[in-house]
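Let me begin by presenting the structure, written as structure tokens, before commenting on it.
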Amino acid sequence: MKKLLYISVNTKPENASVSKTVGREFINKFLEQYSEYDLIEHDLCSEYIPELDARFLNDNGEIVSGNDYALLSENDRKAVDRINQLCDEFISADVYVIAYPMWSSLFPSKLKSYIDCIIQNDKTIKISEDEVKGLLNDRERSVLCIQSSGGVYPKIISWKINHGINYLHDVLRQIGIRKFEKLLVEGVNTEDVGRDKAIEKAFNEIDNLIPKMNVRDLVKQ
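Mapping of the sequence shown onto the working numbering: residues 164 to 384, in sequence order.
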């Protein structure tokens, strides 16, 4: 079966979080239409997501293994195991949905810690003296980023504000994921829009996004 990886990033519970509310609606509708997907789900703010530490890295800046791993403390080995588990799980997925609020023109720091776990040389990316090459272009994959924000940002200035969306687009493309869609849930804290209207507008956009996110089955030779 294909895999749908849903990553939400907000300290609020789902019923109080706009990004999580919209994310759940998308997940439910997507699985109604494409039941062949297995759902994997992470609420990063309530889970253990290790931050990279020099103790976990070898001289090349890669996650330690072998004898270097054996020399780590028990807690550090658990951290390395978790980092590798998150990376391997990410590689195994076909469709990714990332839901988060805009914080300081970016996103909550837990998401950056998660990204640091999945960007690994010879796993998701190949770094050499001559090039940096993404390794997740081995099959079709797609990602949807759902970002909520208090304000509304016109396209003319959006590129100056939405650094989170821009960063995720660039880093995911760098590792080989080409199909990238975004759902901006804007105006949550404005009088003209507000929370309910922002959510309703986002819900209305979901049906058009669902077929774009589905990936084709691999053709067996």
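By construction, the Cβ of each residue, glycine as well, lies at the ideal position given by its N, Cα and C atoms.
Remember, it's a predicted structure, so these values are computed and weren't measured experimentally.
Is the beta carbon of residue i sitting closer than 8 Å to the one on residue j?
{"i": "ALA124", "j": "VAL185", "result": "Because the chain here runs from 164 to 384, residue 124 falls outside it and cannot be looked at."}
{"i": "LYS345", "j": "ILE328", "result": "yes"}
{"i": "SER182", "j": "SER291", "result": "no"}
{"i": "VAL260", "j": "TYR169", "result": "yes"}
{"i": "LEU167", "j": "TYR277", "result": "no"}
{"i": "ILE254", "j": "VAL243", "result": "no"}
{"i": "CYS308", "j": "PRO213", "result": "no"}
{"i": "ALA365", "j": "VAL351", "result": "no"}
{"i": "ILE203", "j": "GLU252", "result": "yes"}
{"i": "LYS296", "j": "ILE288", "result": "yes"}
{"i": "CYS250", "j": "LYS192", "result": "no"}
{"i": "PHE270", "j": "ILE246", "result": "no"}
Please classify residue i as buried or exposed, where buried requires at least 16 other C-beta atoms within 10 Å of its C-beta.
{"i": "GLN248", "result": "exposed"}
{"i": "TYR211", "result": "exposed"}
{"i": "LEU299", "result": "buried"}
{"i": "PRO317", "result": "exposed"}
{"i": "ASN409", "result": "Lying outside 164 to 384, the shown extent of the chain, residue 409 is not represented and no answer is given."}
{"i": "MET164", "result": "exposed"}
{"i": "ASP380", "result": "exposed"}
{"i": "VAL348", "result": "buried"}
{"i": "ARG304", "result": "buried"}
{"i": "GLN283", "result": "buried"}
{"i": "ASN386", "result": "Here the chain comprises residues numbered 164 to 384, so residue 386 is not present and cannot be evaluated."}
{"i": "ASP257", "result": "buried"}
{"i": "PRO176", "result": "exposed"}
{"i": "LYS273", "result": "buried"}
{"i": "SER198", "result": "exposed"}
{"i": "SER267", "result": "exposed"}
{"i": "SER180", "result": "buried"}
{"i": "SER171", "result": "buried"}
Along the beta strand (DSSP E) that carries residue i, what are the first and last residues, could you check?
{"i": "ASP201", "result": "200 to 206"}
{"i": "GLN310", "result": "305 to 311"}
{"i": "ALA262", "result": "258 to 264"}
{"i": "GLY327", "result": "Per DSSP, GLY327 belongs to no beta strand (DSSP E); it is in the alpha helix (DSSP H), 326 to 337."}
{"i": "TYR169", "result": "165 to 171"}
{"i": "VAL295", "result": "295 to 297"}
{"i": "LYS289", "result": "288 to 290"}
Within the continuous alpha helix (DSSP H) that includes residue i, where are the two ends?
{"i": "ALA242", "result": "237 to 255"}
{"i": "ILE373", "result": "357 to 376"}
{"i": "VAL185", "result": "181 to 196"}
{"i": "ILE281", "result": "272 to 281"}
{"i": "GLY229", "result": "229 to 233"}
With which residues is residue i paired in a DSSP beta bridge?
{"i": "PHE219", "result": "Paired residue(s): none; PHE219 is not in a bridge."}
{"i": "GLU344", "result": "LEU307"}
{"i": "ASN178", "result": "Partner(s): none; ASN178 has no beta bridge."}
{"i": "ILE226", "result": "LEU220"}
{"i": "ASN352", "result": "DSSP, once it has assigned bridges, lists no residue as partnering ASN352."}
{"i": "ASN284", "result": "ILE288"}
- Are the stretch 231 to 239 and the stretch 191 to 209 touching, with three or more C-beta to C-beta distances below 8 Å? No contact exists between the stretch 231 to 239 and the stretch 191 to 209.
- Would you be able to state if there are at least three C-beta pairs under 8 Å between the stretch 334 to 349 and the stretch 363 to 378? Short answer: they touch.
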